[in-house]
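Heads up, the thing below is written out as structure tokens.
Chains as they are written, first to last, in the numbering used here: chain H, -13 to 633; chain G, -18 to 555.
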């Protein structure tokens, strides 16, 4: 194994990387490459989706069951744990590639279903289960009657640039990445362009920051490039903290070398010889994958001193963050790497001029950087040809919430949100009525039914009162209470505020308290007028926090409230005036009553009530004391006779 | 180069590259600030200095943005005023509404801003943080409930003092400024200097009051209450009574203290002279007999604690002399008690200091004699001012009086102890005499005066060239100590004072004093030195008497027992 690894390494270094301009290979070379890409394997290959989403669905057990199956049956086959292909809700995914046949993919393969699948497929038969799709290939035989992955509802409308190989390739194999053309782009860039020329090209390609702000990437690099300094830094921001965002994690878990190559390209443009990846410690798998990837690319001489004799140095360090949302803010992130408390500071000076350890520093997000290898390979013009007038390329979205299919999708800029929600993700879950989608996490806003046809790009989302953000899409249906959603985000934000500037620290907490007063049982002395005044003040407070906060976290903190207030004011009003939650989510506003005729006086509910709000005894019908009831619903769940109802 | 900007629709000329805040202040426009510290990196925490950028419509902080050519700014537009007001209201919503009971009532930046911004109703309501008062420290009381998290104390402690005893703890609305692990301040590296109190805009940081013990002692007929006041005190209170900053109220203070009920009034400048006698003898001894050099002063209890924690390799360098406060305390309860026939137990010894660390120093184990403390209570300048007001003394209409004898006479060398460089100058005057037998021709040693962080001089004393350095601000002390650690060896004597500018700007002084007021006080001390004829400690007749009658000679047996002390390595965190 080791010798083949070494011979592969020599082959890839000498033939592929050193001759990075070479595009056609001899038949023999092509065969070696194909075998490294696992395309010409003499024995079956089993791919198991073992990203965090897969593992959450039981992929570890699937892997073990598969290993055991192969051992028991004495079958020679290779198991590859791949990252997420995007269909998180179908995990664990198990693909089988038989020699000479197309790779075929099965969904929901928990450990108990492994035998059924493998018994059939390894014997060249199809099991009687729903089959996701088969992969398209040039030379292998197709399975009859099975649709191709690129025809699948979920995948067909996608354009995959960042996610190109995610879920397809072995994430712990640099060989496969190189055999698929990886790192050649980087080597060609450092030979073909001066750093400033690269910045120019990237600026022309129209790539903009995918972390939320959308600042033109090439332009940003130029600031650091043109600031003289003995040391410059690149920081990859992998501190993905928005609730409902998991794109960066999936990219790193599934295709870590794409990120490393992107970083190497960016560092060259900036003139940085050192880089940090700031990644949250809650992503252990992604960290593990990165550690392996950094070690492998160092072994290959793609990281380190005088890379491939080109006189370029590049070193990457991992820095684990403790999971503070605010550390996604550039200056707070820099403080955190420096070992200080993660608190933002005013700008100027901008990090591009004085950043990490006082040196020019560029911070790019994982997705931004992961776009670069493909941009370099296919050309800056190619990238500029995708998307809309002011937003080029694609955008990865993380779909979650009350939607039929959850997972990762990558679509060209300009795609409508309707297309993502309905065509790709299959609409709201369980045929319920779609209500809104929260885009951009806690900093973003809601897109309602009437705005679903806006085309996704930076400007139009802002015009619709939302923002691109990092790309979380949380779908909400008719059962979602929008006041409750606003409260959820406000709670998140006020907890994650660093506590430095007054409007964010004190203001978000007051906003949360107002929302809590609206959604909880009216306390004595607080009448409707008071609550109504609260809502009026909510808007004013929100505006002041937006206008006056120090950093992006505070400046966008009121967005979920302002956005829901704009689109769902009626729900707020119902909470205040009717004291009712239309979606029946806010427990504090529920009133339960016991139907005396149906009550069997079994005391089941009485025993469950946490506030002893139910009085009664055996054979004495029970009664709920409204003042004591907190609306938790424990009695409702406990009653077997349907005697308790919500009014 | 100058550029033009438009402020409130009026064009003004400003310096290119200037902070908007500075430019506005120079043009007579007041902008409120809470977290701003002049000439340090902007914090951007309080958002009070927001102004409206007309072109972008955005609010920008004037403390962190620079003027640009053609810029248009509104400093008091409706949007700006309303935003500032909401910010203050937000602060107040999490503030204990107890101004009437607060030590900073009438001298509180938050209170002033609430008034200026016309806050007249509680528009923002909500839960308040449940924080406890930390009175664990002998000098400083923290009340996090009143803290508005401006961060000025954190900056002071870290940048000026190099101590970093406090920092931000927790996140979001639970954030507080606290020592590590949110433990009591007594377990921290705090050196008790009180500079945090000096920059605190509210009553979140205050000195630990010794009022109660003092009032009981004043009312107790069996107690003889004796007071001493530090050299800085007499020039530091005038402004608080509406008089010109820096005016010397020596005689008035003597009279006021007697009216309050103190039985004897002494001047710590006397024991400053005593310190000089001992310290200069120690310096000469070290130089002549090859002792540890450079010798470093021990007058400043914050510096001493700092050294015990962070620079314990320098403990052998620190003079073994007690500070003037402690020397006076020790002499009162020994020599003086014997002389007037009092049992030391019946003496209640009070000192009035521009310093909070003196409260800490007075309760150190080393500062007791047979179980009796040298000093029983320490008041700050601020407490003295309160005391004068409490006892209804009208200082405008009070006849000046002299201090009591025999511990009241002083030289002007003892008086200049209050300024950074004063101890050095006084010590050199006496050391010169002791080594050469003649007095200095010019007593003024200008090179050790002034407010620079580190001042150095080389003084010829006979055949010996003495290298001296004077440092104020503990962070600066570290710089000099590092030089010595790295092999610098040309210094014989170093004066270190923790507070910037020395005791005259100590942590017990009136809060909110401008730089000018501090400068006026310093000048007042040197003016006294100029005017008076007794310029050297060794000629103080009462000092001579003390040695003749009791102590015999500097560094003698009695001196060692009463006037010298020891230092011990301390853990930074307990």
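Idealized CB from N, CA, C, for every residue including glycine.
These figures come from a predicted structure and were not determined experimentally.
Residues near residue i by beta carbon distance below 8 Å, same chain, minus five either side
i	result
residue -17 (chain G)	-6, -5, -4, -3
residue 419 (chain H)	463, 464
residue 530 (chain H)	489, 493
residue 362 (chain H)	171, 172, 174, 175, 251
residue 387 (chain G)	317, 320, 523, 526, 527
Sub-8 Å separation of residue i and residue j beta-carbons
i	j	result
residue 84 (chain H)	residue 110 (chain H)	yes
residue 1 (chain H)	residue 15 (chain H)	yes
residue 325 (chain G)	residue 340 (chain G)	no
residue 571 (chain H)	residue 467 (chain H)	yes
residue 327 (chain G)	residue 205 (chain G)	yes
residue 208 (chain H)	residue 222 (chain H)	no
residue 306 (chain G)	residue 334 (chain G)	yes
residue 63 (chain H)	residue 30 (chain H)	yes
residue 516 (chain G)	residue 394 (chain G)	yes
residue 338 (chain G)	residue 283 (chain G)	yes
residue 31 (chain G)	residue 534 (chain H)	yes
residue 210 (chain G)	residue 234 (chain G)	yes
Reference residue i; option with closest CA among the options
i	options	result
residue 81 (chain H)	H:44, H:34, H:147	H:34
residue 323 (chain H)	H:310, H:362, H:335	H:310
residue 65 (chain H)	H:516, H:292, H:53	H:53
residue 251 (chain G)	G:267, G:212, G:264, G:243	G:212
residue 549 (chain G)	G:60, G:195, G:301	G:301
residue 330 (chain H)	G:339, G:22, G:482	G:22
residue 131 (chain G)	G:514, G:480, G:90, G:264	G:90
residue 134 (chain H)	H:118, H:124, H:126	H:118
residue 186 (chain G)	G:83, G:222, G:111, G:193	G:83
residue 346 (chain H)	H:370, H:257, H:405	H:257
residue 161 (chain G)	G:125, G:170, G:518	G:170
residue 526 (chain H)	H:537, H:143, H:506, H:496	H:496
residue 390 (chain G)	G:122, G:524, G:202, G:42	G:524
residue 564 (chain H)	H:553, H:603, H:593, H:508	H:508
residue 174 (chain G)	G:504, G:536, G:488, G:127	G:488
residue 66 (chain G)	G:10, G:87, G:81, G:105	G:105
7 Å Cβ shell around residue i - same chain, five flanking residues per side excluded
i	result
residue 520 (chain G)	392
residue 225 (chain G)	219
residue 437 (chain H)	450
residue -1 (chain G)	47, 48
residue 520 (chain H)	500, 503, 504
residue 86 (chain H)	126, 127
residue 18 (chain H)	-3
Contacting residues, own chain, Cβ-Cβ under 6 Å from residue i (five flanking each side not counted)
i	result
residue 231 (chain G)	215
residue 553 (chain G)	170, 290
Taking beta-carbon pairs under 7 Å, can you tell me which members of the segment -3 to 29 of chain G lie near chain H?
Only those residues of the segment -3 to 29 of chain G whose C-beta falls short of 7 Å from the nearest C-beta of chain H are listed: 23, 25, 26, 27, 28.
Between the segment 456 to 486 of chain H and chain G, which residues of the former have CB atoms less than 8 Å from a CB of the latter, in chain order?
480, 481, 482, 483, 484, 485, 486
Three CB pairs or more closer than 8 Å across the segment 611 to 620 of chain H and the segment 582 to 602 of chain H
yes
Interfacial residues, the segment 56 to 88 of chain G to chain H, with Cβ spacing under 8 Å:
60, 63, 64, 67, 68, 71, 72, 74, 75
Three or more C-beta pairs closer than 8 Å, one from the segment 223 to 235 of chain H and one from the segment 442 to 462 of chain H: is that the case here?
Contact between the segment 223 to 235 of chain H and the segment 442 to 462 of chain H is present: 3 or more CB-CB pairs across the two stretches fall below 8 Å.
Beta carbons nearer than 7 Å to chain H: which residues of the segment 293 to 305 of chain G have them?
So nothing in the stretch comes that close.
Give a yes or no on contact between the segment 445 to 457 of chain G and the segment 471 to 482 of chain G, applying the rule of three or more CB pairs nearer than 8 Å.
Taking a contact to require three or more Cβ pairs closer than 8 Å, the segment 445 to 457 of chain G and the segment 471 to 482 of chain G qualify as touching.
Got a sec: which bits of the segment 486 to 501 of chain H sit with their beta carbon under 8 Å from any beta carbon on chain B, in order along the chain?
The question asks about chain B, but that chain is absent: this structure's protein chains are H and G.
Which residues of the segment 424 to 439 of chain H have a Cβ closer than 9 Å to any Cβ of chain G? Give them in chain order.
Taking 9 Å as the Cβ-Cβ cut-off against chain G, none of the residues of the segment 424 to 439 of chain H qualify.
Return the residues of the segment 30 to 50 of chain G that lie within a Cβ-Cβ distance of less than 9 Å from chain H, sorted by chain order.
31, 39, 40, 42, 44, 45, 46, 47
Of all the residues that make up the segment 530 to 561 of chain H, which are near chain G by a beta-carbon distance shorter than 8 Å?
530, 533, 534, 535, 536
Residues of the segment 140 to 163 of chain G in Cβ contact with chain H at a cutoff of 8 Å, in chain order, please.
148, 149, 151, 152, 153, 154, 155, 156
Spell out a yes or no on whether the segment 39 to 47 of chain H and the segment 68 to 80 of chain H are touching, meaning 3 or more CB-CB pairs, one atom from each, closer than 8 Å.
Look at the beta carbons and you see the segment 39 to 47 of chain H touching the segment 68 to 80 of chain H: at least three pairs across the two are nearer than 8 Å.
Stretch pair the segment 211 to 219 of chain H + the segment 310 to 319 of chain H: three plus CB contacts closer than 8 Å:
no
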